[in-house]
Amino acid sequence: MNAPLPLVPRALEAGTLGLRWGPFSLLIAWRPLLTGLLLLLALAGAIALALLAGDTWFTPADLWAVLSGRASPDQQLLMIEFRLPRILVGLLAGAALGLAGCLTQALSRNRLAVPDVLGVSDGATLGAVVGLIASTSGMLGPWWTGPLGALVAIVLLLLAAGRHAGRGEQILVVGLAIAALLRAFVELLLSRQDLTHAGALYNWSTGSLSGRGLDAALPLTIGLACLFLPTLLLLRQLNLLRLDPDIARTLGVNLQRTRLLALLIAVLLAGLAVGLCGPIAFVALAAPWLASRLAGGGRLALLGSALTGALLIVLADTGGRILLAGNELPAGVVCNLLGGPFLLWLLFNEREGEAR
Amino acid sequence: MSLRLLQRSRRQLVMVALALLTGTAGAGNHTVTDALGRSLSVPDQPKRVLALSELDLDALLALQQKPVGTTNGRGQDGPPRYLGTAAQGISSVGAFASPVLDRVIAARPDLILAGGQPDPALLSQLGKIAPTVVSYQLGEDWQTALRRIASLVGQGAQSEGVIAHYQQRLAQTRQRLGHSKGANVSVVRWNPQGPAYMLKDAFASRVLADLGLQRPAGQQQPGIAHSPPLSLEALNRIDGDWLFVGTLSAKGQASDALAAARQTPAFQQLQVFKKNRVVEVDGSLWTGLGGPLAALAVLADVEKALGKP
């Protein structure tokens with residue numbers, strides 16, 4: 160877990176494709192490219208499955224009929240109006256969580272440093288609870304209460320961590336403390352509330368995608384679109400950040416600034432996802448790890464993490480819809496069910512030298 | 002699988018065609034305003050009503066209408082226990098307060114009753130399947146809800162008959178109370194976490210008030226739900242002249258917890274226990290949102306316990 164491997168040479172070993180155009184040249188590693196394509200294919204498969212599966216099953220022929228507009232209104236309604244939006248929301252939330260996890264893991268050089276640990280989920284929950292209490296209708300407040308809560312949590316984190324904010328391990332511990340504090344506030348507020356409120360919160364707090372529609376997809380899309388470009392610009396520095404801090408510094412990385420920027424982007428992404436869909440654990444933890452395994456661990460698997468995250472949530476939501484007849488398991492619950500065994504598996508499978 | 006689906010959809014198509022043929026004569030649509038103040042166009046004589054809350058289901062059954070589907074009762078695996086055979090054969094479209102859209106579509110409703118406090122996102126999805134009416138808001142009494150539901154399903158007149166029957170049973174029960182008139186009645190739901198008493202505006206509390214019965218001094222807070230769970234130290238707040246206590250499901254954690262609690266000194270110190278006036282009732286009936294049939298069932302429970310033969 161301690162000695163980071165020289166990463167760049169390994170990427171070269173894996174085989175690269177050189178593209179040259181005038182003074183520019185671009186090295187593309189084969190394996191990440193292939194993995195990306197495979198993940199895309201798997202995602203397409205998962206989306207198709209999610210469209211077909213449910214309490215009412217459809218055949219691929221039905222899907223084709225819907226796509227070509229020849230299906231019955233019922234099929235059209237179920238697949239396009241009900242299933243597709245929640246698939247879309249799950250996909251976007253998964254991508255955001257995968258990306259966010261990849262960033263926080265890279266900046267802290269610790270695989271356990273995922274947004275949920277840093278207090279993002281608890282901040283979002285607190286935001287949602289305050290929104291719920293402030294609303295007179297007894298329903299959840301506007302969509303931005305969750306993301307705003309997540310942002311507040313991170314501002315608190317940065318204030319509390321102070322000078323340590325840039326350092327990897329400390330931010331984890333401070334994050335844990337902030338998360339516990341926020342969770343206590345949530346419990347306190349809920350215990351003082353009318354219980355009818357608790358019911359409205361329940362659906363959200365289990366990470367259910369049920370009923371999530373395009374109104375949730377829009378902020379997620381905008382958030383992902385706006386934050387992905389800065390992430391790509393940070394990619395070189397982030398790759399170096401995974402080396403020893405001193406080496407990274409000598410290679411010209413502004414450690415403090417890179418970490419802060421990456422943290423901010425990660426929190427915004429995770430805050431949006433969690434704020435809109437409820438706390439969905441495990442995806443931010445697992446997606447980057449799976450992606451880097453698949454891609455060979457050469458470089459930071461940003462895109463792979465996003466794709467894997469999307470795949471995980473779409474599959475979890477689909478599983479939740481078909482596991483129990485007539486009773487939907489929220490995606491967040493399915494993820495929690497899988498998260499425990501996954502962590503154990505991670506622990507037992509950790510091979511020396513592949514720790515990071 | 003696909004063949005069955007195909008057959009079913011063909012059968013449904015025939016049914017729709019039939020409904021269109023027979024329905025066009027006379028039956029049209031009219032506009033109503035629901036409990037949330039939304040205006041909707043609903044059929045004059047709905048034939049396939051879906052009841053998405055316990056109170057909707059109870060009211061429909063009291064009006065002698067059988068819904069085409071319903072969601073499970075609070076903490077139940079099917080319709081609320083107290084409805085018994087009346088609700089037999091009504092298919093479930095999902096767990097409590099969370100209908101599965103696939104099943105809602107398959108039930109082919111022409112009117113959906115979604116009383117209570119449905120999620121706006123869910124409401125707009127249901128509205129794409131059939132006209133979806135919020136038949137009551139939480140906090141409204143069952144009489145108001147019943148009148149609205151009756152007028153929605155084109156049986157406005159029948160609701161008065163149902164309410165009159167309740168009034169009559171109420172008068173009978175009140176007469177039989179004898180020396181228990183004006184007694185302090187404690188109403189408690191036993192959860193796995195412990196007991197919670199019902200607040201003053203809860204369904205059962207209102208029926209008791211109709212009977213002229215009192216609530217213990219510690220159970221007078223306004224509200225339609227129940228209190229937070231009490232610790233065993235605060236158990237004396239469930240004391241009273243009578244204690245009606247129930248769990249949501251007949252078996253399981255909650256009823257085990259209640260059975261265990263009955264053995265504790267804290268419980269056995271209660272006056273109501275010493276006087277042997279602890280009545281175990283169906284929690285899904287006494288601590289739910291109620292309805293006309295539930296109100297009659299509560300009267301029957303009270304009569305059985307407090308009434309003189």
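So the sequence lines, in the order shown, correspond to chains A and B. Heads up: the first sequence is residues 160 to 515, going by the numbering used here. Heads up: the second sequence is residues 2 to 310, going by the numbering used here. Glycine is no exception: its CB is placed at the ideal position from the N, C-alpha and C atoms. The structure displayed is predicted, hence computed values, not measured ones.
Residue i bridges to which residues according to DSSP?
{"i": "V442/A", "result": "For V442/A, which the question treats as bridged, DSSP gives no partner whatsoever."}
{"i": "L244/B", "result": "S187/B and V279/B"}
{"i": "F183/A", "result": "W180/A"}
{"i": "N30/B", "result": "P44/B"}
{"i": "P100/B", "result": "G95/B"}
{"i": "G70/B", "result": "L51/B"}
{"i": "I113/B", "result": "L51/B and T133/B"}
{"i": "H227/B", "result": "M199/B"}
Please list the partners that residue i has in chain B, where partner means a Cβ-to-Cβ separation under 8 Å.
{"i": "E346/A", "result": "Those within 8 Å of E346/A in chain B number zero; the least Cβ separation is about 12 Å."}
{"i": "S350/A", "result": "P229"}
Return the chain-ordered list of same chain residues with a C-beta closer than 6 Å to the C-beta of residue i, the five sequence neighbours on each side being excluded.
{"i": "L285/A", "result": "G308, L341, F344 and V345"}
{"i": "D302/B", "result": "V282"}
{"i": "G468/A", "result": "G253, A254, L256, G257, V442 and A446"}
{"i": "A338/A", "result": "G278 and D281"}
{"i": "V208/B", "result": "A296 and V299"}
{"i": "G291/B", "result": "W143 and F204"}
{"i": "I150/B", "result": "A60 and S136"}
{"i": "V288/A", "result": "V345 and L348"}
Have a look at residue i and residue j and give me their C-alpha separation to the nearest angstrom.
{"i": "M238/A", "j": "F217/A", "result": "9 Å"}
{"i": "P232/A", "j": "T380/A", "result": "28 Å"}
{"i": "R49/B", "j": "L114/B", "result": "11 Å"}
{"i": "A251/B", "j": "G485/A", "result": "22 Å"}
{"i": "Q65/B", "j": "S228/B", "result": "34 Å"}
{"i": "L430/A", "j": "R270/A", "result": "Strictly speaking, residue 430/A in this sequence is Gly, with Leu absent from that position. Straight-line Cα distance between these residues: approximately 19 Å."}
{"i": "L307/B", "j": "Q89/B", "result": "30 Å"}
{"i": "R238/B", "j": "G219/B", "result": "6 Å"}
{"i": "L414/A", "j": "G305/A", "result": "30 Å"}
{"i": "G128/B", "j": "V314/A", "result": "41 Å"}
{"i": "C494/A", "j": "S93/B", "result": "27 Å"}
{"i": "A63/B", "j": "V43/B", "result": "21 Å"}
{"i": "F162/B", "j": "N192/B", "result": "The amino acid occupying residue 162/B in the given sequence is Gly; Phe does not appear at that position. Approximately 36 Å between the Cα atoms of the pair."}
{"i": "D240/B", "j": "T72/B", "result": "34 Å"}
{"i": "L318/A", "j": "L422/A", "result": "14 Å"}
Looking only at its chain, what residues have a beta carbon closer than 7 Å to the beta carbon of residue i, apart from the 5 residues adjacent to it on each side?
{"i": "V225/A", "result": "Q234, Q235, M238 and I239"}
{"i": "L394/A", "result": "L459 and L461"}
{"i": "G27/B", "result": "In this prediction, G27/B scores a pLDDT of 47, lower than 50, which makes its location untrustworthy; the coordinate-derived value is nonetheless stated afterwards. Excluding positions up to five away in sequence, the list is empty."}
{"i": "Y167/B", "result": "P293, A296 and L297"}
{"i": "V279/B", "result": "L244, V246 and V273"}
{"i": "L208/A", "result": "T477"}
{"i": "W287/B", "result": "V188, A205, F245, G247 and V299"}
{"i": "L410/A", "result": "L399"}
How about residue i: is its Cβ closer than 7 Å to a heavy atom in the ligand ATP?
{"i": "A205/B", "result": "Looking at this structure, you won't find the ligand ATP or any other ligand, since it has none at all."}
Tell me which residues share the same chain as residue i and place their Cβ nearer than 8 Å to its Cβ, disregarding the 5 neighbours each side in the sequence.
{"i": "G155/B", "result": "D45, Q46 and P47"}
{"i": "A230/A", "result": "D221, A224 and M238"}
{"i": "G183/B", "result": "G213, L214 and Q215"}
{"i": "R39/B", "result": "V135"}
{"i": "L200/B", "result": "S206, Q220, Q222, P223, G224, I225, A226, H227 and S228"}
{"i": "R408/A", "result": "L414"}
At a CB-CB cut-off below 7 Å, which residues of chain B make contact with residue i?
{"i": "T380/A", "result": "Under the 7 Å cutoff, chain B gives no residues; its nearest Cβ is about 18 Å from T380/A."}
{"i": "F241/A", "result": "L102 and Q126"}
{"i": "D233/A", "result": "I106"}
Kindly list, in the order they appear in chain A, the residues whose Cβ is closer than 7 Å to that of residue i.
{"i": "R104/B", "result": "D214 and G485"}
{"i": "L123/B", "result": "G370"}
What residues from chain B crowd round residue i, counting only those whose CB sits closer than 9 Å?
{"i": "L237/A", "result": "L102, D103 and I106"}
Determine the chain A residues that contact residue i at a beta-carbon separation under 9 Å, and present them in chain order.
{"i": "K129/B", "result": "L236, E240 and F241"}
{"i": "S187/B", "result": "Simply none; closest approach about 18 Å."}
{"i": "S99/B", "result": "N362, S367, S369, N486 and E487"}
Name, please, each residue of chain A whose Cβ falls closer than 8 Å to the Cβ of residue i.
{"i": "G95/B", "result": "G485, N486 and E487"}
Practice task
Let me know the alpha helix (DSSP H) ranges lying completely inside the region 184-222 of chain B, each 4 residues or longer, listed in chain order.
Solution key: Entirely contained in the region 184-222 of chain B, the alpha helix (DSSP H) runs reaching 4 residues are, in chain order, 204-211.
Practice task
Any chance you could list the beta strand (DSSP E) runs of at least 3 consecutive residues sitting entirely within the region 395-452 of chain A, in chain order?
Solution key: Taking only runs of at least 3 residues, no beta strand (DSSP E) segment lies wholly in the region 395-452 of chain A.
Problem - Continuous alpha helix (DSSP H) assignments of at least 4 residues falling wholly in the region 120-166 of chain B - result: Listed in chain order, the alpha helix (DSSP H) elements of length 4 or more contained wholly in the region 120-166 of chain B are 121-130 and 143-153.
Problem - Every unbroken beta strand (DSSP E) within the region 238-295 of chain A, with a cutoff of 3 residues, ordered by chain - result: With a minimum length of 3 residues, no continuous beta strand (DSSP E) run stays inside the region 238-295 of chain A.
Problem - Contained alpha helix (DSSP H) runs [length at least 4] in the region 445-507 of chain A, N- to C-terminal order - result: Listed in chain order, the complete alpha helix (DSSP H) runs (minimum 4 residues) inside the region 445-507 of chain A are 461-481.
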